[in-house]
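Taken in sequence, the protein lines are chains P and Z. Numbers given in our numbering equal positions in the first sequence, counted from 1, plus 379. Numbers given in our numbering equal positions in the second sequence, counted from 1, plus 94. Each residue gets a CB set at the ideal place from its N, CA and C atoms; glycine is no exception. In what follows, a structure is listed as structure tokens, so that the remarks can point back to it.
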Amino acid sequence: MTNYPKMATIKVGDELPAMHKRAEEAELFLYSAASFNPHRIHYDRAYATYEGHEDIVVHGPLQGSWLTQFITDWAGPNARLLSVQWQNRASAFVAEELYFSGSVISVDQVNGSVELEIYERKEDGSVLMPAKATVKLEQS
Amino acid sequence: MSSSLIPPESLARVGEILAGPVTVRIDRRESQRYAYAVGDLNPIYFDDASAKAAGYRTLTIPPLFITHALVAPEPASKLRTDGLYEDSASVALEVARMMFGGEEWDFLEPVCVGDEITGTTRLLDLDQKEGKKGPFVRLVRETTFTNQDGQVVARSRQIGIAR
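Have a look at this one:
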């Protein structure tokens, strides 16, 4: 039985377990297909570099969905994601190692929710995607 | 003072509906393809008993899948060189390039497989700003998603940066 965070014991500064992702060509192709996205920068290396990108570009919404997975894996199935917001500051590329980290920045015991601050970073530590989210956790 | 990147006729469109309303039934297999493509194997997307144990009516979906569920099928003849479809919902701007700036989501009610979801997208905001690299345009499209019972289930604001 997995131990998910509870409103009764959560505190500011609690950290989410780190998650890392790396998408190869096949994964990016599957995401293009599953999201009905024919944008050439996500599968055609020659075209992506012609547009000035370093390599095949990881989809912004794929990183958004990794972000929601990062949150829901931590919060558990009985929690509810109430809101999420992120900024795409730079592009991620095929086969890059990407790291998610996050922590609780406020606890609202009246509404039974917590606010999270999350970052997706590249291997060199630069921030690709700063994010915030609110989640309603299980009471106890 | 730099010249305007936003033609007056585009500015006049703030508040206008850009796309929709379009209604789609949330399909189990499409949702699961999306979840697999993300690598998100949460049992509440795949196993009915797990979804019900977590308080859902039936299988729920990866939160951001709702946007992709609403994408309309279009013929390949409408593809541009960059692989995107010719977009009747695009807003004319005097810029070279539109970038994906980020998103903001509010999740208000659960969305489950079989729900009939209607999405309507409006041009919420359009303004020119001065950045370090010169002027840019911030364009915000807001999509409201409602279900078969008329409840607003989610709102998304997609932020585009154009320069």
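Requested in this report: Determine whether the Cβ of Arg-424(P) lies closer than 8 angstroms to any Cβ atom of chain Z.
Outcome: no
Report task. Report all residues from its chain with a CB closer than 8 angstroms to the CB of Ile-435(P); omit the five preceding and five following residues, and keep chain order. Result -> Glu-404, Leu-407, Ile-420, His-421, Tyr-422, Asp-423, Arg-424, Ala-427, Phe-472, Val-473
Query raised in the report: With DSSP run on the structure shown, which of helix, strand or coil describes Lys-227(Z)?
Result: coil
Query raised in the report: Nearest-angstrom Cα distance between Glu-180(Z) and Val-165(Z)?
Result: 14 angstroms
Query - Residue-chain proximity (Asn-490(P), chain Z), Cβ-Cβ < 8 angstroms - result: no
**Report entry** Contacts that Leu-460(P) makes with chain Z (C-beta to C-beta distance below 8 angstroms)
**Finding:** Pro-157, Phe-201
Query raised in the report: Beta-carbon of Glu-394(P) versus every beta-carbon of chain Z: anything under 8 angstroms?
Result: no
Query raised in the report: Helix, strand or coil: how does DSSP classify Ile-138(Z) here?
Result: helix
Query raised in the report: Which bits of chain P does Ser-144(Z) rub up against, with CB to CB less than 7 angstroms?
Result: Pro-456
Query raised in the report: How many whole angstroms separate the CB atoms of Gly-481(P) and Leu-395(P), which I take to be in contact at a CB cut-off of 8 angstroms?
Result: 4 angstroms
Requested in this report: Give the secondary structure of Glu-236(Z) by DSSP, where H, G and I count as helix, E and B as strand, and everything else as coil.
Outcome: strand
**Report entry** Residue burial classification, Asp-209(Z) (beta-carbon count within 10 angstroms, cutoff 16)
**Finding:** buried
Report task. Closer than 7 angstroms by beta-carbon distance: list the chain Z residues that pair up with Asn-467(P), in chain order. Result -> Phe-194, Gly-195, Gly-196
Query - Spatial distance of Ala-190(Z) from Glu-203(Z) (CA atoms) - result: 39 angstroms
Query raised in the report: Interface residues of chain Z around Tyr-410(P) at Cβ under 9 angstroms?
Result: Tyr-128, Ala-131, Val-132
Query raised in the report: Three or more beta-carbon pairs under 8 angstroms between the stretch 193-201 of chain Z and the stretch 209-224 of chain Z, yes or no?
Result: no
**Report entry** Limits of the unbroken beta strand (DSSP E) element including Gln-488(P)
**Finding:** Looking at the DSSP string, Gln-488(P) is not in any beta strand (DSSP E), and its letter there is neither H nor E.
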